[in-house]
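Undergrad: Going by our numbering, the sequence shown opens with residue 242, and the numbers climb by one from there.
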Amino acid sequence: MKLSEFQKHLEENNINLTFLISPDPNITYFTQMKPSHAFLIIKKNDAKFLITKLDAKPNLKNISINYIAKDWEIKLKDSKIKTIGINKELLSIQYQEKLQKIYPKAKFVDISQKLKQLRSQKTPEELTKITKACKITSNAFNELVKTFSSKNFKTENDVAFFLEKYMKDKGCEIAFPTIVASSKNGAIPHHITTNQKLKNGFIVLDFGACYQHYNADMSRTIYLGNPSQKEKDTYDLLLKAQLSAIDEIKNNLSFMHLDKIARFKLGKYNSNFVHSLGHGVGVEVHEAPQFKNHQIQKNQVFTIEPGIYFKKKFGIRIEDTLIFNGKTKILTTSSKKLFTFKI
């Protein structure tokens, strides 16, 4: 990915090397693989990827690949190293101490924010993969809606299994554990799907495919039985709040402005919206841009996901993954009408 851009940052800031250790997602970003155990050492003019023999050597441009030797610490010694970039959010104290022994004269510099900034604006290759993940995610929901009445789903797990099997059959991994939250479980935004029987009322579905290390994230809410007029109106209000926020997306606008728009549209229900309006998506399901302190930039991929939650009663969430490239494009294209089914 943007290896040369990152190396330029190292040179401009007099950082002799950056040391990353798996499972740091930045290793996946630069190498496009998830090794079982690995080190990625980046200098201004070269990069070394050290992996175990459990993993096949990938074919990488501008990154040399070797197996981790027993004496790797000795082989890395270099008295010329004065400044080391680390991902302070993920590098353990244990490995910081190891590095200090290998490079006793070096000081550490936190490069985590620079890495987040790099990853927040996607390359064409990344956008292709995310678009594919979103397409498969959308198709999984479309297939669920098409066959829901004939599949005789009994439990939350039944629905989750169907969605995950569809995505796996299309060559994807699962981006995160699928959420199927029936009835009052929907009032818990991060409900853990169980073997609970499906009940009349709203069911929140939150799921995504992961295609070649890049994720999709989508939420849809369906209904078992016949919704009351008040329930239909509440759903419609939430959908209008989401669409209003999406309509306002423009370059350099604060994400918090979108958040305020959605909450304003929810009116008396804005206090029932208990989480952020969205988050960035890429090699991690949740990554930069962060809505609380970032502005919209071109080639960013992020979600817009307002929700309304009524404790111990029900919840509703509508979420799409979008790309902004001067114009806004919704990548998760499934219908957002309120589908209703009989048990």
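Glycine included, C-beta positions come from ideal geometry on N, C-alpha and C.
This one's a predicted model, so the numbers in the text were calculated from it and none came from an experiment.
Flag this pair as touching only if the region 368–386 and the region 345–352 have three or more C-beta atom pairs under 8 angstroms; answer yes or no.
TA: The region 368–386 vs the region 345–352: no contact.
Undergrad: Can you confirm whether the region 445–452 touches the region 376–384 when touching is taken to mean that 3 or more C-beta pairs between the two stretches lie within less than 8 angstroms?
TA: Yes, the region 376–384 touches the region 445–452.
Undergrad: What is the rounded straight-line gap between the Cα of ILE537 and the Cα of SER320?
TA: If you take the alpha carbons of ILE537 and SER320, they lie about 42 angstroms apart.
Undergrad: Return the chain-ordered ranges of every alpha helix (DSSP H) run that is complete within the region 315–396 and spans a minimum of 4 residues.
TA: If we require 4 residues or more, the alpha helix (DSSP H) runs fully inside the region 315–396 come out as 334–343, 353–361, 365–392.
Undergrad: Taking the alpha helix (DSSP H) that TYR510 falls in, what are its first and last residues?
TA: No alpha helix (DSSP H) holds TYR510; DSSP gives it neither H nor E.
Undergrad: Go through its chain and collect everything with a Cβ distance to ALA503's Cβ below 6 angstroms, but skip five positions before and after it.
TA: Hits under 6 angstroms: ALA482, ALA486, LEU518, PRO547.
Undergrad: Going by C-alpha to C-alpha distance, which of LYS298, LYS339, LYS406, GLY521 sits closest to SER357?
TA: This sequence places Lys at residue 357; Ser is not what is there. It is GLY521 whose Cα lies nearest to the Cα of LYS357.
Undergrad: Output needed for THR562: all residues of its chain with C-beta closer than 6 angstroms, excluding positions within five of it in sequence on either side, in chain order.
TA: Closer than 6 angstroms at the Cβ level, and outside the excluded window around THR562, lie CYS375, ALA457, ASP458, VAL522, THR544, LEU572, THR573.
Undergrad: Have a look at LYS438, PRO266, THR293, LYS491 and flag the residue whose alpha-carbon is nearest the alpha-carbon of SER277.
TA: The option with the nearest alpha carbon to SER277 is THR293.
Undergrad: Measuring straight from C-alpha to C-alpha, what distance separates GLU528 and VAL542?
TA: When rounded, the distance between both Cα atoms is 10 angstroms.
Undergrad: Report the rounded CA-to-CA distance for LEU359 versus ARG558, giving the unit in angstroms.
TA: Approximately 30 angstroms, taken between the alpha carbons.
Undergrad: What does a CB cutoff of less than 6 angstroms around GLY326 pick up in its chain, not counting 5 residues either side in sequence?
TA: The answer, listed in chain order, is ILE256, THR259, VAL350, ILE352.
Undergrad: Per DSSP, VAL522 forms a beta bridge with which residues?
TA: VAL522 pairs with nothing; no bridge assigned.
Undergrad: Taking the alpha carbon of GLN453 as the reference point, which residue from THR419, CYS413, ASN328, ILE322 has its own alpha carbon closest?
TA: Cα-wise, what sits closest to GLN453 is CYS413.
Undergrad: Could you please give me the residues that DSSP links to ASP561 through a beta bridge?
TA: In the DSSP output, where bridge partners are listed per residue, ASP561 has ILE545.
Undergrad: Going by the CB atoms, is the gap between GLN437 and THR462 shorter than 8 angstroms?
TA: It is not a contact, given that the beta carbons lie outside the stated cut-off.
Undergrad: So what does DSSP say about GLN248, is it helix, strand or coil?
TA: Note: GLN248 maps to helix in three-state DSSP.
Undergrad: Counting only runs that start and end within the region 400–443, where is the beta strand (DSSP E) found for 3 or more residues in a row?
TA: Segments of the beta strand (DSSP E) lying fully in the region 400–443: 420–423.
Undergrad: Any idea if TYR308 is buried or exposed, counting beta-carbon neighbours within 10 angstroms, 16 or more meaning buried?
TA: Classification for TYR308: exposed.
Undergrad: On the DSSP bridge assignment, give the partners of LYS289 in chain order.
TA: Bridge partners of LYS289: ILE282, SER305.
Undergrad: Hey, out of THR581, HIS498, LEU480, whose CA is closest to ILE549's CA?
TA: Taking only the C-alpha atoms, the option nearest ILE549 is LEU480.
Undergrad: Leaving out the 5 sequence neighbours to the left and right, which residues in its chain are closer than 7 angstroms to ALA310 when beta-carbon positions are compared?
TA: Result list for ALA310: LYS316, in chain order.
Undergrad: Where does ASP447 fall in DSSP's three states?
TA: In the structure shown, ASP447 sits in a strand (DSSP, three-state: E or B).
Undergrad: Do you know whose CA, among ASN513, LYS506, MET274, lies nearest GLU525's CA?
TA: Comparing Cα positions, the closest option is MET274.
Undergrad: With the cut-off set at 8 angstroms, would you say ILE584 and LEU499 are in Cβ contact?
TA: No, the pair does not count as a contact, with Cβ atoms beyond the cut-off.
Undergrad: Could you spell out where the alpha helix (DSSP H) holding PHE532 opens and where it closes?
TA: No alpha helix (DSSP H) holds PHE532; DSSP gives it neither H nor E.
Undergrad: Between ALA428 and the rest of its own chain, which residues show a CB-CB distance below 7 angstroms, the 5 nearest in sequence each way excluded?
TA: Here the set comprises TYR550, PHE551, LYS552, LYS553, LYS554, PHE555, GLY556.
Undergrad: Just the C-alpha distance for ASN566 and GLN531, rounded to the nearest angstrom, thanks.
TA: Computed Cα separation, rounded: 17 angstroms.
Undergrad: Please say whether THR272 and ILE304 have beta carbons closer to each other than 8 angstroms?
TA: Taking 8 angstroms as the Cβ cut-off, ILE304 and THR272 qualify as a contacting pair.
Undergrad: Given a threshold of 16 other Cβ atoms within 10 Å of its Cβ, counted over all protein chains shown, does ASN426 qualify as buried or as exposed?
TA: Under this definition ASN426 is a buried residue.
Undergrad: Classify GLN354: buried if its beta carbon has 16 or more other beta carbons within 10 angstroms, exposed otherwise.
TA: Exposed, since its Cβ has fewer than 16 Cβ neighbours within 10 Å.
Undergrad: Determine the DSSP secondary structure at MET616, reduced to helix, strand or coil.
TA: The chain is shown only over 242 to 584; residue 616 falls outside these bounds and no answer can be derived.
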